[in-house]
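K.L.:
Let me give you the structure first, and then I'll get to my questions.
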Amino acid sequence: MKNIKYILLLITITLLASCEHVVDVDLDTAPPRLVVDASINWEKDTDGSQQTIRLTTTAPYYQNEVPPASGATVFITNTSGNVFNFIEDPGTGNYNCIDFVPQIGETYVLTINYQGQTYTATDKLYATPDIAYTTQDNEGGFFNDSVEVRFFFMDNGSEDNFYIYRFDTDLMPYPDYDAIDDEFFQGNEMFGIYDHEDFEPGDVLKIRLYGVSQRYYNYMDQLIDIAEGGAGSGPFQTVPANVRGNIVNQASPDNYALGYFRLGQVDTLDYVIQ
Numbered sequence: 097m098k099n100i101k102y103i104l105l106l107i108t109i110t111l112l113a114s115c116e117h118v119v120d121v122d123l124d125t126a127p128p129r130l131v132v133d134a135s136i137n138w139e140k141d142t143d144g145s146q147q148t149i150r151l152t153t154t155a156p157y158y159q160n161e162v163p164p165a166s167g168a169t170v171f172i173t174n175t176s177g178n179v180f181n182f183i184e185d186p187g188t189g190n191y192n193c194i195d196f197v198p199q200i201g202e203t204y205v206l207t208i209n210y211q212g213q214t215y216t217a218t219d220k221l222y223a224t225p226d227i228a229y230t231t232q233d234n235e236g237g238f239f240n241d242s243v244e245v246r247f248f249f250m251d252n253g254s255e256d257n258f259y260i261y262r263f264d265t266d267l268m269p270y271p272d273y274d275a276i277d278d279e280f281f282q283g284n285e286m287f288g289i290y291d292h293e294d295f296e297p298g299d300v301l302k303i304r305l306y307g308v309s310q311r312y313y314n315y316m317d318q319l320i321d322i323a324e325g326g327a328g329s330g331p332f333q334t335v336p337a338n339v340r341g342n343i344v345n346q347a348s349p350d351n352y353a354l355g356y357f358r359l360g361q362v363d364t365l366d367y368v369i370q
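Per this note's numbering, residue 97 is the first one in the sequence shown, and the count goes up by one each step.
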């Protein structure tokens with residue numbers, strides 16, 4: 097697969113390399129903003145009790161390290177009033193819970209108290225279908241020169257459903273995501289596709305299937321569009337505005353956090369290339 101994000105990166109590097117002078121641009125630095133990575137994933141065939149929430153802050157453009165947001169109080173509550181506390185591994189921004197209780201269809205509220213500000217978000221825990229089977233085509237991809245892997249699952253026809261696919265392989269330095277809904281597949285078999293021209297027998301492709309809310313689907317669809325060269329993401333386009341998640345600052349709405357709080361089952365398959 098001629099990975100779009102990889103091609104864009106090469107184009108950008110080539111354009112930058114063609115410049116004869118190094119120009120240091122003096123960029124305005126906005127105040128740090130809290131960034132929340134709160135994906136509560138219930139792996140099938142586990143009890144889902146161990147969960148981690150990652151808190152960081154935004155940083156200046158030229159700063160290489162991502163600053164952890166340490167010292168926060170983090171907890172999740174359900175509609176029965178049960179409280180699940182997330183305790184930080186000191187100084188890391190990683191907040192861990194060892195007694196979370198996931199329940200399909202249950203509504204949960206995330207609360208974060210950080211530097212005198214209170215942030216909250218609400219989401220429901222969504223079910224995910226089982227990955228039923230996979231296929232491999234050694235003449236796949238747009239140019240018929242890639243190893244193409246498909247995975248299949250059955251959609252629940254009694255409701256509208258939204259899915260996120262995640263693919264990880266050692267051939268790429270980052271995961272690849274897709275967002276899809278069942279508008280044209282209601283109650284029918286659906287599938288996801290990943291291909292790469294450098295796959296060799298024995299390589300492993302990790303496939304993850306998530307059931308998600310419509311709002312999170314829309315959020316991820318925007319991020320994927322930006323990453324893959326959508327509107328406003330080319331090397332000479334204006335920088336897109338921050339994609340807003342569902343994290344709300346209760347006292348100062350304009351001082352919102354970036355990121356998202358979501359919950360759902362996840363089905364995982366490690367596919368070995370044949």
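The C-beta atom is built at its ideal place from N, Cα and C for all residues, glycine as well.
Grouping DSSP H, G and I as helix and E and B as strand, with all else coil, what is residue 159?
P.N.:
Three-state DSSP puts residue 159 in coil, outside helix and strand.
K.L.:
Would you mind reading off the limits of the beta strand (DSSP E) that contains residue 323?
P.N.:
Residue 323 -> not in any beta strand (DSSP E); alpha helix (DSSP H) instead, spanning 310-323.
K.L.:
Residue 246 to residue 368, Cα distance in whole Å?
P.N.:
Each residue's alpha carbon lies about 12 angstroms from the other.
K.L.:
So what's residue 197 in DSSP terms, helix, strand or just coil?
P.N.:
It is coil, neither helix nor strand.
K.L.:
Classify residue 151 as helix, strand or coil using the three-state DSSP reduction.
P.N.:
In this structure, residue 151 counts as strand in the three-state DSSP scheme.
K.L.:
Just mark residue 180 as buried or exposed, buried being the case when its beta carbon has 16 or more other beta carbons within 10 Å.
P.N.:
So residue 180 counts as buried.
K.L.:
Pairs of beta-carbons, one from the stretch 257-276 and one from the stretch 199-213, closer than 8 angstroms: are there three or more?
P.N.:
No: fewer than three Cβ pairs fall under 8 angstroms.
K.L.:
Counting C-beta neighbours from all protein chains within 10 Å, is the total for residue 127 16 or more, i.e. buried, or is it exposed?
P.N.:
Residue 127 comes out exposed.
K.L.:
With DSSP collapsed to three states, give me the class of residue 140.
P.N.:
Of the three classes helix, strand and coil, the one that applies to residue 140 here is coil, per DSSP.
K.L.:
Is residue 192 helix, strand or coil when you go by DSSP?
P.N.:
Strand, per DSSP.
K.L.:
Thinking residue 342 and residue 304 are a contact (beta carbons under 8 angstroms), I'd like their distance in whole angstroms, please.
P.N.:
Actually they are not in contact, since the Cβ atoms of residue 342 and residue 304 sit about 21 angstroms apart, beyond 8 angstroms.
K.L.:
Using only alpha-carbon positions, find the residue among 237, 366 and 168 that is nearest to residue 210.
P.N.:
Checking every option, the nearest Cα to that of residue 210 belongs to 168.
K.L.:
Based on Cα-Cα distance, which residue from 274, 191, 360 and 351 lies nearest to residue 321?
P.N.:
For residue 321, the nearest C-alpha among the options comes from 274.
K.L.:
Pick out whichever of 234, 233, 187 and 198 has its Cα sitting closest to the Cα of residue 223.
P.N.:
When each option's Cα is compared against that of residue 223, the closest is 198.
K.L.:
Check whether the stretch 212-232 and the stretch 351-369 are in contact - that is, three or more C-beta pairs closer than 8 angstroms.
P.N.:
The answer is yes - the stretch 351-369 touches the stretch 212-232, with three or more Cβ pairs under 8 angstroms.
K.L.:
What would DSSP say about residue 274, mapped onto helix, strand or coil?
P.N.:
Residue 274: strand per DSSP, three-state reduction.
K.L.:
Which residue from 361, 152, 298 and 140 puts its Cα closest to that of residue 166?
P.N.:
Of 361, 152, 298 and 140, the residue nearest in Cα terms is 152.
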